[in-house]
Amino acid sequence: MLEIEIDGKKLTVPGGSTVMDAANSVGVHIPHFCYHKKLSIAANCRMCLVQVEKAPKPLPACATPVTDGMKVYTHSDMAVKAQKGVMEFLLINHPLDCPICDQGGECQLQDLAVGYGQSSSRYEEEKRVVPNKNLGPLISTDMTRCIHCSRCVRFTEEIAGYQELGMPGRGEHTEVMSFIGKTVNSEISGNVIDLCPVGALTSKPFRYSARTWELSRRKSVSPHDGLGANLVVQVKDHRVKRVLPLENEAINECWLADRDRFSYEALNSEERLTKPLIKQGGVWQEADWQSALEYVANGLKDIVDAHGAGSIAGVATEHATVEELYLLKQLFAGLGSHNVETRLRAADHGLKTAGATWLGQSIVDVATAEAVLVIGSTLRKEQPLLAQRLRQGVKKGLKLSVVNPHADDLLTALAGQVVVRPDQLVEGVLAVVKAVVDAKGVAAPAQIDLSGVEADDAARAIAASFADKEKTAIVLGNVAQQNPRYAELYAAAAALAELTGAKLGVLGAAANSVGAQLVGATGAGNVFAEPKKAYVLLNTEVEFDVGDSLQALRAVQGAAMVVALSSFGSCALEHADVILPVSPFSETSGTFVNMEGKAQSFNGVVRPLGETRPAWKVFRVLGNLLGLENFNFNSSEEVRDIALAGDLAAKLSNALAAPVAVKAQAASGVVRLGEVPIYQADLLTRRAPSLQATVDGAAPQLKANAATLARLGLSIGGQALVKQGQGDAQLAVELDNGLADDVVRVPANHPLTRALGAFVGPVDVTQA
Amino acid sequence: MTVYVKGVVFEGVDFDDPNSWKLDAYVARGGYAALKKILQTGMTQDEIIAEMKTSSLRGRGGAGFPTGLKWSFMPRNFPGQKYLVCNTDEGEPGTFKDLDIIVNNPHALIEGMIIGGFAMGITVGYNYIHGEVFEAYERFEAALEEARAAGFLGDNILGTDFCFQLHGHHGYGAYICGEETALLESLEGKKGQPRFKPPFPASFGLYGKPTTINNTETFASVPYIIREGGQKFLELGKPNNGGTKLFSISGHVNRPGNYEIPLGTPFSELLEMAGGMRGGRKLKAVIPGGSSAPVLPADIMMDCTMDYDAIAKAGSMLGSGAVIVMDESVCMVKALERLSYFYFEESCGQCTPCREGTGWLYRVVHRIEHGQGRPEDLDLLLSVGANIAGRTICALGDAAVMPVQGMLKHFRAEFEHHIEHKNCLVRGY
């Protein structure tokens, strides 16, 4: 510890601190632009110059290490003169167009100019003009305003993992730009908007739609991936105008993924439904809530009476809140049915665990582990911010490795990488088990049959990365959870975790994956395999939210009654018989339990649109109409307190409830690797035009390695016809040499591929 | 034109002989004897550094930092790769000495670097050569080949355990890459812009490893010091200003060129060596140490000796030894306009005061030169300059300001005349 003095305040700080760190620790504000706590030190803006005793020149606080006995003056004449000098330089070429700048009112340059600027300029020459850049549909540029702090450049390189922005040119001609002809395509690119201290990089979807001081700021939680990023939702006139991160070091730090930030566009979509609708004689008729709810209650009762409780099913996604899912489950229980399911993309429902599967540890624990193995995950697209965290972990020594059906770049160094066919993920993990067993000289774990399993170099590299480590983790991603042999895969991963002493974890695919399990809104299995007479769909679009979308679509089309509780039209209008317009997350209170088992409740940030009602209220009234007991809730908090009653942590468990035998199998033939494109994952992202306009939102392509393309007679850029079961799809062909032989990567749950079946399974591919 | 008067770098070089740069000729004039002395007599690293300190050799790149002291900063027992880098990114306007060393006597540099590598326990070196002098780069590569073939360079030098690899690297002509940390960035393949310090290259240099960087002339002086002893080198010059130095004389003299002379030689003698003033005109002013050094008027210069301390005392700096001589026909406003343009053009743009300030300085000088100056402009120049100097990441900011301050200190009247009369005081030439 070092003893120093800042502006006369004595304090002790740890060795290695900078003057900026020390000042921050005692609440002394030093003006700055380029400094950011999550980025490397650049010391280029020079705004943080302070006086240090015995130093002849002012020194940058952000880059000056503290030494014992140092005396720092942040507001002395020397310091203030230097700071004002820098401010003058920053302003001479800055346009001072604050009245028409979107950053106006939340601009660090504007704010600091109040304290350090002059009322008029001594610079009378022409100001610099810099051409704007096309950085894609999310980031708007006004490059003349750029003050060259390089935060955005450092972000893309250090946090997003790939330097998509750079600073070519010299002197006054230095410009921030992307690669020539390229946009910024990172899945977390929107953070550069927050980082930009001026109005050079602003939000394109938000552009010119409101001034910052007109907006109310309300806390919320992201409804997308299992991280549960904390949000500040900004609202004007009961409309969501913008979403920004709410800093939470334990969860999202100060970042947001682009879908957390921009999916709000869907909330104001023209597809929003605002009135209950009943289809009569094939024509949609508007109805009042009372009639619609009675229609639903009577319809469900009639079907149960006629065909039994097994003839109805409740379907929701893991993006629904704890309260909604609990009441859906209770409603069906009241009707005598246990047919409620939320794991819609799963192909294997056989896994039974002692509790709700979860990360097995905190998010921080995973990122600060010594070794992490990710099994079956397109991590950057599934969990963008967790991928970012692991990337930072690797810089601090974390050994990261993957067992995957592809070789997608995690933009960080890997200690080991096993690439297998999607139907061979189990064998991929078994190879690592074998490598560990060999290295340790121990017997194969019970239930794990290693006969015929060989450990290759890649498997041994992964095994080696776990050797002699204390804090390690093995986590299963979406691709694993959607695998047709998930139970085996899970059991193999569990065995590997036990062998290596690693913590086993499941990366919750959606905001409430853990919550859905906690309230029991899962366990029915595939409710479409045997078609039901009636389906109640809560914000579920079967062709986009279900793994075997073709099967689900057929089941729904054949049902006698389909009740859609939906925020949006399109799919609901196509398949349902009655539509109850319900609130998206922004218009209801609720709770999500994130992947680390943390329950995060939030309030509605705007009032429900039109006659829309929160789904938990709809279920509550339906329960009353059906005469069910224990449905007299007055608030979502009352629902939550019952739904999540007791010790939450005790209900989380990744332990297998019963042993699962695992044995290597052979696989051959052309196999599909189906995954959900990042911006098809849930019904909000599907309706966010800006996200759809990104590179990640582009039409899916069929990808395969060069040998497979040649064998199938496909050429890059040509068209392929994919047949799976009774459906088919036509896609453009692209090369992906990271795939194993005979693997064709065909994205799922997309309008182009909705007619196809299971994510992983045999397909016929021909030239179209 | 290169003129050897007395010194260590070009001793024995025959500038008229096209083969004089080659290894045979270099060995014949005593080359690689210093290396042999070290490797064959068992001279220790400490002894070499002590000899360097005795010599009082100061960095010839411009800053004049004592070389022996710099070498002693290198952590000699660092576990891992360390690097030795030679800075031949000679870009300071007026300076053209390092180019001549590489073309005429490359082995002196190579031997100096090998000795440096031995003294600091470094096994890999790079010579970063200015991008616009490609023939120098090719000459250096040819000399490296000779040295490798003769066993002076590479693995097991002269049959000992000592190994030293040396590589040439040519830059792309940016002035800023002569700043040592920008040079390292460029050498790593990145955009050449200075790093903030600390950490200094001695602890965090090339690829983040301990690195020592010296100028070409500095390294080329090393063999003499080791061969003849530090004391003898020191005595060539004067105390605290050891040895001889190359001066690049340009401007209004009869014989511009490089002159290797002892430090402490009076400027008047140097001017005489260069053939005196061209056309018999009167000396007006001299920039004694490259374009970054403040200008000094004739009377001060004529009383000055050419060494670090004397020039500093006179209010300028010896810098890289580039002596720009200006006669009475020179308009100081126009001269400053050109100098300011240089720094405006060469600022890397990384940090605010230099990126914005150099352009401002240039534009104000430009308008004075073009008859649009205002009375308050001279104070504005000094004020803007004061806001740049000492506030930047590297010394380019200071370098851009010093010519302005020097000109206004000694020739303010000329600037005032420009502003008042919208024309030049110096007319009729």
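Protein chains in written order, with our numbering: chain A, 14 to 781; chain B, -8 to 420.
Note that beta-carbon positions come from the ideal geometry of N, C-alpha and C, so glycine has one too.
- Within chain A, the residues placing a beta-carbon under 8 Å from that of E347(B) are F102, L103, I105, N106 and E185, ordered along the chain.
- N249(B) is not a Cβ neighbour of K28(B), given a cutoff of 8 Å.
- In summary, the residues of the stretch 150 to 174 of chain A whose CB is separated from some CB of chain B by less than 7 Å are H161, in the order they occur in the chain.
- Taking all protein chains in view, the Cβ of T383(B) is crowded by 16 or more other Cβ atoms within 10 Å, so the residue is classified as buried.
- At least one CB of chain A lies nearer than 8 Å to the CB of Q341(B).
- Annotation: the stretch 188 to 219 of chain A contains the following complete segments of the alpha helix (DSSP H) (minimum length 4 residues), in chain order: 204 to 208.
- Proximity of the stretch 188 to 203 of chain A to the stretch 146 to 159 of chain A meets the contact definition, three or more beta-carbon pairs being nearer than 8 Å.
- Considering only beta carbons, no part of the stretch 256 to 270 of chain B lies closer than 7 Å to chain A.
- Residues of the stretch 239 to 257 of chain A that bring their beta carbon within less than 9 Å of a beta carbon in chain B are absent altogether.
- With a cutoff of 8 Å on beta-carbon distance, A360(A) and P497(A) are scored as near each other.
- Membership of N206(B) in the beta strand (DSSP E) is indicated by the continuous run T202 to N206.
- Contact annotation, P672(A) with P289(A): C-beta distance approximately 49 Å; criterion of less than 8 Å not satisfied.
- Within chain A, G184 have C-beta atoms less than 7 Å from the C-beta of E336(B), given in sequence order.
- For L15(A), the beta-bridge partners assigned by DSSP are V26(A).
- Remark: C-beta atoms of T604(A) and P627(A) do not approach each other more closely than 8 Å.
- Taking 7 Å as the Cβ-Cβ cut-off, the stretch 123 to 150 of chain A approaches chain B at R135, Y136 and E138, given in chain order.
- CA-to-CA, the gap between K664(A) and T334(A) works out to about 18 Å.
- At a cut-off of 8 Å between C-beta atoms, L208(A) does not count as an interface residue with respect to chain B.
- Bounds of any beta strand (DSSP E) do not take in E260(A), whose DSSP letter is neither H nor E.
- Residues of the same chain with their beta carbon placed closer than 6 Å to that of E101(A) are lacking, with the five preceding and five following residues left out of the count.
- For H161(B), the enclosing beta strand (DSSP E) has its first and last residue at Q156 to H161.
- Chain B places a beta carbon closer than 8 Å to that of N57(A), counting this residue as a contact.
- Taking the CA atoms as reference points, K73(B) sits about 30 Å from D389(B).
- G350, W351 and R354: these are the residues of the stretch 350 to 367 of chain B whose beta carbon lies less than 7 Å from some beta carbon of chain A, given in chain order.
- For F238(B), the uninterrupted beta strand (DSSP E) segment begins and ends at T235 to G242.
- Residue contact check for A165(B) against chain A: a CB pair falls below 8 Å.
- At the C-beta level, L372(B) and L352(B) come within 8 Å of one another.
- Per DSSP, the unbroken beta strand (DSSP E) holding T(-7)(B) starts and ends at T(-7) to Y(-5).
- When Cβ-Cβ separations below 8 Å define contact, P44(A) makes no contact with chain B.
- Annotation for T381(A): no beta strand (DSSP E) segment contains it, and DSSP assigns it neither H nor E.
- Closest by C-alpha distance to S53(A), out of Q123(A), T157(A) and F168(A), is F168(A).
- Look at G376(B): its C-beta is not under 8 Å from any C-beta on chain A.
- Among the residues facing chain A, I384(B) is included, as its CB has a counterpart in that chain under 8 Å away.
- For A95(A), the C-beta contacts it makes with chain B under 7 Å involve R382, in order along the chain.
- Beta-bridge partners of L593(A) (DSSP): L578(A).
- Chain B places a beta carbon closer than 8 Å to that of G98(A), counting this residue as a contact.
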